[in-house]
Every structure is written in C-alpha cells, then in structure tokens.
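**Student:** Counting in full-length UniProt numbering, the sequence shown runs from 1 upward without gaps.
Okay, here's the structure, questions in a sec.
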Amino acid sequence: MSVRPISDDRFAVVIKKNTSQDTESFGFAMLTSTLIGVSSCVAFYFLRQRYPMVYEGSTSSKGELPAQAFGFFGWLRTSVSYRFDDVIDHVGMDQIMLLEFTHLSMKVMFGIGIPALMVLAPLHARSGGSDDDLSRIGLSNLDAETWILWVHAAFVWYVVLLVLCLVYRAQHRKFRPRRSRWLSNMPEARATTRLVEGIPEQLRTDAAMARFFDQIFGQPVVKDVVFVRDTSSLLPLIEARDMLSEELAQVGLQYAASHEAGEAASPRRLQTLERRYNRSSAAAEEMATRVFSCQSFASDAAFVTFRDRRHAEFARGLRYSESRGHFAVSLAPEPFDVHFASFTRSSASVAKGSALIGRLLVACVFFFFLPVVIGISSLLSVDSLTHLVPKLEVWSREYQYITTAWEALLGTSLLSMLMDLVPWMLSEVFSRFYRLRSGSKGQHKIQRWYFFFLVVFVLLVTAVGTSLFEAAARLAQEPLKVWYLLADQLPDSTNFYLRYAVLLWSTPFFDLVRCFPLLYFWKALQ
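In structure tokens, the structure reads:
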C-alpha cells in the first residue's frame, strides 16, 4: 500500500519536523515551562492571601482539616503530608480519583521512559548519524531495515503489559475499595432514590408509578414518588405574593411607628395591601394545588424512592421498554446538581432541534480546529510579522536564536493553549443545546468528547494533516491507511511531541491561579 506523505507547508507551521535545532528548541521549551510554573506559584502565593474565598474552600460542614503549614511552599508541604483517605470526605471522590489517575500516569511515564532512555536511546545514538543531539536518540535516526526495530517490537509488548498491570493494580487497590466505601456511606435517601425518565402520560401520577413498580416486583417496594412538575405558571404568583408581603411589612412598620409617635395615620393603605396580599396568596395556593395535583403539569420524569437499596438497584438494572427513551432508570443526582429547567415541556419541545444544532457545533469544533491553529500560526510566524513590521527583519537577523525559538515553540504553544479552550467550548454547547439532567452528566459528556478530541488532534495529528475533511475522506476509502501514515510521519515528528509534553508540565501550575474563577470573583466585587 502506497503512502502519500504530508508535505503541506502550512501544516509544517504547526507540526515541526525534526531538525538540527531541536535541542535548542527543547531547551527553550523547558525554560518557558519553568518560568510559567515559577510565576504561577508566586502569583498563587499572593493571590491566596489576598482572596482566600477563591482559593480556600469552606470546611465547616465537613469538619476541620489538620493545620496547614505556613510559608511560600506551605501549601505543597501540607498537600504532601495528607493521605487521600483522610481528605476524601472533604474534597470528594472525583477529586481523589483524579489525583490517583495523575499518580498512575506518573508511574506509566517512569515505567516507560526510564527503560527507553537506558535501552533504546543508546541503540539509536550508536546506529545513526543525525546532527542534532535530541534527534540522535529518536526513532528517525534508524535505518528502515535495521535489526534494532525488533527491539522496538519487544518494547511495544513491554509497554502493553506494563500499562495493563498498572491499570489493573490501580483499579483493584485504589478505585474499588474507595468506590465500595463511597457507596456504603451514601445517604439513605439518595441510595434508595432513582430518577425515572420517559414516563408515558397514562402513568404520570404518584399512585400509578408506585403501582407500576409494585407489579414489577410482585410486592410493595415503592416508598415515595415525586414528579418533576412545570411551575412556570406558579412562580410569578409566588414572586408577586412575596413582593406584596415585603411591602405590607414595611407599611405596617411605618403605621406602627406613626401610631406610637401620636401622629394621625390612615390605615386605608394598610388595609388595601392586606386585601391584595390575601388575594395574591389565595391565587398562589390555588395554582399550587393545581400544579401538584393535576396530571397535565407533570413532566415525563419522576424521582422514585424505594423501601430498600436492594430493590432500588434491581430497578436500575431492569429494562422496561424496547424504546431507548422510555422508562430510563438511573441513579438520582445530588439535589444541588439537578438542572430542573431541562425537565420542562418547553425544553422537551425544542430538544430535537437544539440537539441537532449542538451536534453541528461540536462538529465545527472538530473540523475547524486545525485550520484555526494553522491560520493563527501563519499570522504570528516570523515571515508574516516581518512583512507587517519591516523593522523586525533586522532584529530577527541580529537575534537569530530568539527567532529560532519563536518558530519552534509557536505551533506547539498555540496547539496547547487552544486545546485548553476546547472543554470550555464543549461546555457552552452542551449547556445551551442539550437537555442535561445534572452537572455531573454534562461533565461526563465533556470528558468523552474531549477524549476523542485529544486522540485526533494530539495522537493522530500527524496523520490528520491540515484538514480533518481531507483526512476523513482519505481514510474512508482506505481505513487501514492510518497506520501507514502514522508509521511514516511519527518518527520524524518525535521532537514536536517532546516540546508539547514539556510545555504541558506548566499546566497544573497555571491551574493554581484559577484565572476564570478569579475574574468572575473580581466582576462580582464590582
């Protein structure tokens, strides 16, 4: 099978092939990452003291943590001294497992990187004649028919077995015990409550839903049923009643003060407000009775509480209909995490159209990501800048090493920075165009799509080329061609991935600053 190499000059702006100046570029990447990390730590130290509400969570409802150490790196010493199981109740299961995943990634990195440097790197350095020190230890320094490729074949199996072993140990020693403890400590109300969606109209009453599950299990198993109801007509009446209540209280205080001072005050306004408040309160109560008793106000979702956890788990595992959207039973989310607006009929009526728009927007993020990166890289390249500002041409010739570093880090830095914006863009699309029942489901949706995004635009970026359209068209005709493209392109782009990984080291330090929460906090203070 023939392989057509990717030789577009625009693509070279983003994915730099291995050159004789890669060692110097790698040093600049290390320096840049170090400067970002140090400056982020300094900013975090001062901002944490200036705005503790942004950087320190409240622990009043979860008990007190051990005393924190003071000093510039006091937060680091305190974090290292904590055991995960001691703070899991304070930070949550998700945060602890994120740290465990980070530890797993570190073990994989050292387990693969150290043997590669000790075994493969010396073999590469002795077999080729590359001019660059960094390229000398890379795979591109080998001949196509050298015996060292058999060592690579064995090393691939070592990587596979190592990762499988580490993942298996992490699941059985770290994840499963904590998950079992988390499930056993779950509050009884949430543990026995299930969210039922896609309920037919004839079953949208509390008694009908309870009878449905009781017939399924052959005995009374339902403790309580609460339907999510449309309160759009009730909320304005409650707001009007509350406003009249506040106005009535103020007028009552004024009337009492005038009466105590001996001043003549007419009670007519007070009596008028009392009549208006009584009418508003009666209207709100009447509407509330209709909303909570009439079947027409009930949505297609309900929270069903079972008598015990055993029947609740059985109910979640059963299949009640051939249609995917009917009687979908899932674990109820946290009360504060529920998006009740997604249950309304107005939301359901536009669900199909908005979901289609959302899918189109997600596709736009995928297909137009690389053209945007390439366009910005081309505008910020040295050639473009010198064309716009002719004086920069003399400066670039005088400081050649800065020009080299700029060209080497431009594509990598842009790819990294724009990649960090993708979760935010996906979050905006999902929150506006999808019916997400809870915030946790939205996060899970972002996680799945962002995983595919990273696979395409980081791992397979050398095979994608300048356009995802063209790559998809080529691979649709010959799907197996992707492996030949990767085998042809990856060995000559290894230094790009080294710079990319080094620049990503600064990301956790930059996250310490919490730029967007800090900006929102500043905006709220204004």
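Built from N, CA and C at the ideal position, the CB exists for glycine as well.
May I have the straight-line CA-CA distance separating E247 from N278, to the nearest angstrom?
**Tutor:** If you number the sequence shown from 1, residue 247 lands on position 247. If you number the sequence shown from 1, residue 278 lands on position 278. Each residue's alpha carbon lies about 13 Å from the other.
**Student:** For the alpha helix (DSSP H) that contains E188, what are its first and last residues?
**Tutor:** The residue you call residue 188 lines up with position 188 of the sequence shown. From DSSP, the alpha helix (DSSP H) with E188 extends over E188 to A191.
**Student:** Using the DSSP secondary-structure output, state which residues sit across from T305 in a beta bridge.
**Tutor:** For the purposes of this step, residue 305 is identified with residue 305 of the sequence shown, where counting begins at 1. In the DSSP output, where bridge partners are listed per residue, T305 has T193 and D224.
**Student:** If the criterion is Cβ atoms closer than 7 Å, does the pair L331 and S416 meet it?
**Tutor:** Stepping through the sequence shown from its first residue, residue 331 is reached at position 331. Stepping through the sequence shown from its first residue, residue 416 is reached at position 416. Not in contact: L331 and S416 (Cβ atoms no closer than 7 Å).
**Student:** List the endpoints of the continuous beta strand (DSSP E) containing L331.
**Tutor:** As a first step, residue 331 must be located in the sequence shown, where it is residue number 331. Note, L331: beta strand (DSSP E), A328 to L331.
**Student:** Looking at the structure shown, is S323 part of a helix, part of a strand, or coil, going by DSSP?
**Tutor:** Counting from 1 along the sequence shown, the entry for residue 323 is found at position 323. Residue state, collapsed to three classes: coil.
**Student:** List the DSSP bridge partners of R229.
**Tutor:** Translated into positions along the sequence shown, residue 229 becomes position 229. Answer is A298, bridged to R229.
**Student:** Give the secondary structure of S384 by DSSP, where H, G and I count as helix, E and B as strand, and everything else as coil.
**Tutor:** For the purposes of this step, residue 384 is taken as the residue at position 384 of the sequence shown. Residue state, collapsed to three classes: helix.
**Student:** Grab me the residues of A315's own chain with a C-beta within less than 6 Å of its C-beta, minus the 5 sequence neighbours each way, in chain order.
**Tutor:** Numbered from 1 along the sequence shown, position 315 holds the residue referred to as residue 315. Cβ within range, chain order: R194 and V329.
**Student:** Whether or not the segment 420-436 and the segment 41-48 are in contact is what I'm after, with contact meaning three or more pairs of Cβ atoms, one per stretch, closer than 8 Å; do they touch?
**Tutor:** no
**Student:** I want to know whether the segment 151-163 touches the segment 78-91 - three or more CB-CB distances under 8 Å.
**Tutor:** no
**Student:** Can you give the beta carbon distance from S438 to V304, rounded, assuming they're within the 8 Å contact cut?
**Tutor:** The residue you call residue 438 lines up with position 438 of the sequence shown. The residue you call residue 304 lines up with position 304 of the sequence shown. Incorrect: roughly 16 Å between the Cβ atoms, too far for contact.
**Student:** Name the DSSP bridge partner or partners of S438?
**Tutor:** In the sequence shown, the residue the question calls residue 438 occupies position 438. DSSP output for S438 lists V338 as bridge partner(s).
**Student:** Report the option in V513, D511 and T494 whose CA atom is closest to the CA atom of D132.
**Tutor:** As a position in the sequence shown, residue 132 is number 132, starting the count at 1. Answer by Cα proximity: T494.
**Student:** So what does DSSP say about S427, is it helix, strand or coil?
**Tutor:** One-based indexing of the sequence shown puts residue 427 at position 427. Residue state, collapsed to three classes: helix.
**Student:** Measuring only the C-alpha atoms, how far is D22 from L134?
**Tutor:** For the purposes of this step, residue 22 is taken as the residue at position 22 of the sequence shown. For the purposes of this step, residue 134 is taken as the residue at position 134 of the sequence shown. In a straight line, the C-alpha of D22 is about 6 Å away from that of L134.
**Student:** Judging by CA-CA distance, which residue of S140, T403, P115 and M118 is the nearest neighbour of S127?
**Tutor:** Locating residue 127 in the sequence shown gives position 127, where the first residue counts as 1. Checked all of S140, T403, P115 and M118; the closest Cα to S127 is S140.
**Student:** Straight-line CA distance for R319 to H326?
**Tutor:** Walking along the sequence shown from the start, residue 319 turns up at place 319. Walking along the sequence shown from the start, residue 326 turns up at place 326. When rounded, the distance between both Cα atoms is 9 Å.
**Student:** If you draw a straight line from the C-alpha of W449 to the C-alpha of P371, how long is it?
**Tutor:** The residue labelled residue 449 in the question sits at position 449 within the sequence shown. The residue labelled residue 371 in the question sits at position 371 within the sequence shown. Looking at the backbone, the Cα of W449 and that of P371 are separated by about 19 Å.
**Student:** Would you please state the rounded distance, in angstroms, between the beta carbons of R307 and K223? I believe it to be under 8 Å.
**Tutor:** Position 307 of the sequence shown, counted from the start, is the residue given in the question as residue 307. Position 223 of the sequence shown, counted from the start, is the residue given in the question as residue 223. Going by Cβ atoms, the distance from R307 to K223 rounds to 5 Å, so yes, they are a contact pair.
**Student:** Please work out which residues of its chain come closer than 7 Å, Cβ to Cβ, to F217, disregarding the five sequence neighbours upstream and downstream, and give them in chain order.
**Tutor:** Here residue 217 refers to the residue found at position 217 of the sequence shown. Within its own chain, the residues whose Cβ lies closer than 7 Å to the Cβ of F217, once the five positions on either side in sequence are excluded, are H311, listed in chain order.
**Student:** Run the CB neighbour count on S20, radius 10 Å, all protein chains shown included, and call it buried at 16 or more, exposed below.
**Tutor:** Position 20 of the sequence shown holds residue 20. When all chains shown are included, S20 counts as exposed.
**Student:** Does the distance from the C-beta atom of M93 to that of W182 stay below 7 Å?
**Tutor:** For the purposes of this step, residue 93 is identified with residue 93 of the sequence shown, where counting begins at 1. For the purposes of this step, residue 182 is identified with residue 182 of the sequence shown, where counting begins at 1. Yes, they are a contact pair.
**Student:** How is G111 classed by DSSP in three states: helix, strand or coil?
**Tutor:** As a first step, residue 111 is located in the sequence shown; it is residue number 111 there, counting from the start. Residue state, collapsed to three classes: helix.
**Student:** Run through DSSP, which three-state label would S79 get?
**Tutor:** For the purposes of this step, residue 79 is identified with residue 79 of the sequence shown, where counting begins at 1. For S79, the three-state secondary structure derived from DSSP is helix.
**Student:** Hey, how far is the Cα of H124 from the Cα of I137?
**Tutor:** Position 124 of the sequence shown holds residue 124. Position 137 of the sequence shown holds residue 137. Cα to Cα, the separation comes out at about 5 Å.
**Student:** Confirm, please, whether the CB-CB distance from L518 to S40 is below 7 Å.
**Tutor:** The count along the sequence shown starts at 1 and reaches residue 40 at position 40. The count along the sequence shown starts at 1 and reaches residue 518 at position 518. Cβ distance not < 7 Å, so S40 and L518 don't count as in contact.
**Student:** DSSP on Q215, reduced to helix/strand/coil?
**Tutor:** The residue given as residue 215 occupies position 215 in the sequence shown. Correct three-state label for Q215: helix.
**Student:** Using the Cα positions of E334 and M186, report the straight-line distance between them to the nearest angstrom.
**Tutor:** Translated into the one-based positions of the sequence shown, residue 334 becomes position 334. Translated into the one-based positions of the sequence shown, residue 186 becomes position 186. Computed Cα separation, rounded: 11 Å.
**Student:** Three-state secondary structure (DSSP) at G398?
**Tutor:** Indexing the sequence shown from 1 puts residue 398 at position 398. The sequence as given places Glu at residue 398; Gly does not occur at that position. The answer is helix: DSSP assigns E398 an H, G or I state.
**Student:** Excluding the five sequence neighbours on either side, which residues of its own chain have a C-beta within less than 7 Å of the C-beta of A302, listed in chain order?
**Tutor:** Looking up residue 302 in the sequence shown gives position 302. Only V196, I199, M209, V225, V226, F227 and V228 meet the Cβ criterion.
**Student:** Alpha carbon to alpha carbon, how far is F367 from V221?
**Tutor:** Along the sequence shown, one-based indexing puts residue 367 at 367. Along the sequence shown, one-based indexing puts residue 221 at 221. F367 and V221: Cα-Cα distance of roughly 50 Å.
**Student:** According to the Cβ coordinates, are L203 and V108 closer than 7 Å?
**Tutor:** Translated into positions along the sequence shown, residue 203 becomes position 203. Translated into positions along the sequence shown, residue 108 becomes position 108. No. Outside cutoff.
**Student:** Over the uninterrupted alpha helix (DSSP H) stretch that includes R514, give me the two end residues.
**Tutor:** As a working note, residue 514 is residue 514 in the sequence shown. R514 -> no alpha helix (DSSP H), and no H or E assigned at all.
**Student:** Taking all protein chains shown into account, decide if S299 is buried (16 or more other Cβ within 10 angstroms of its Cβ) or exposed.
**Tutor:** Against the sequence shown, residue 299 aligns to sequence position 299. Flag for S299 reads buried.
**Student:** What are the boundary residues of the alpha helix (DSSP H) that includes G37?
**Tutor:** As a working note, residue 37 is residue 37 in the sequence shown. Looking at the DSSP string, the run of the alpha helix (DSSP H) that includes G37 is D22 to R50.
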